[in-house]
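Single-structure report; data block below.
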Amino acid sequence: MNSFFEGNIWPLRGKLFRMAFLWVKDRALAEDILQNVFEKSYRKEEELQHHPNLTGWLITSLKNEALMHFRKTGRMVALDENGEARLINPEPERSDSKIPKILQLVHRLPEKQRQIFQLREVEGLTYEEVAEYLEISIEQVKVNLHRARKKLREEFAKKETKS
């Protein structure tokens, strides 16, 4: 018989890793951050069995681990106008491919928009699932996703005209 961790948390490792990697842009660091979240969730396994939003808890823990790393390494910058932390990407990717350019632009989005974009567009979750995971309303999901897409289109168009 599988433990709660093996049956409910471990299967989410792929999605959680992709989110961590999107935020930190470093495979080893993303793995370390995910490992810390897994250790914490394993210790709190009994408490998490009754949690109403397990995936939301895991995503929040993952985000907090990443932010803690950025605070420790000094890569944290001032908060933006929405009160969300903006991170410095010291070495932007250079490539002729559109995907690295888009990923770089996604990295610059405010944190809430970046999370929603990741969950909806990359992970393929429904609006309802994103709202449940992030514990926000469906309307907030739609508004933030619209803003993220609009910002990405505008910024990508600017980059393409400069190239």
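Heads up: take any position in the sequence shown, counting from 1, add 5, and you land on this note's numbering. Note that beta-carbon positions come from the ideal geometry of N, C-alpha and C, so glycine has one too.
What would DSSP say about Asp31, mapped onto helix, strand or coil? Position 26 of the sequence shown holds residue 31. Correct three-state label for Asp31: coil.
My output table needs one value for Ile121: the three-state DSSP class, helix, strand or coil. Translated into positions along the sequence shown, residue 121 becomes position 116. Correct three-state label for Ile121: helix.
Could you compute how far the alpha carbon of Val127 sits from the alpha carbon of Pro16? As a first step, residue 127 must be located in the sequence shown, where it is residue number 122. As a first step, residue 16 must be located in the sequence shown, where it is residue number 11. One C-alpha to the other measures close to 17 Å.
Considering only residues of the same chain and omitting the five flanking positions on each side of Trp28, which have a CB-CB separation below 7 Å? Taking the first residue of the sequence shown as position 1, residue 28 is located at position 23. Excluding residues within five positions, the ones whose Cβ falls inside 7 Å are Ala71.
In whole angstroms, what is the alpha-carbon distance linking Arg125 and Arg158? Walking along the sequence shown from the start, residue 125 turns up at place 120. Walking along the sequence shown from the start, residue 158 turns up at place 153. Answer to the nearest angstrom: the Cα atoms are 17 Å apart.
What do you get for Asn149, buried or exposed, if any count of 16 or more other CB atoms within 10 angstroms of its CB means buried? On the sequence shown, position 144 is the one that residue 149 refers to. Per the 10 Å Cβ criterion, buried.
Can you tell me the Cα-Cα spacing of Glu86 and Ala153, whole angstroms? By 1-based counting over the sequence shown, the position of residue 86 is 81. By 1-based counting over the sequence shown, the position of residue 153 is 148. Confidence in Glu86 is poor, its pLDDT being 42 and thus under 50, which makes the residue's placement unreliable; the coordinate value appears in the next sentence. Those two C-alpha atoms are separated by around 15 Å.
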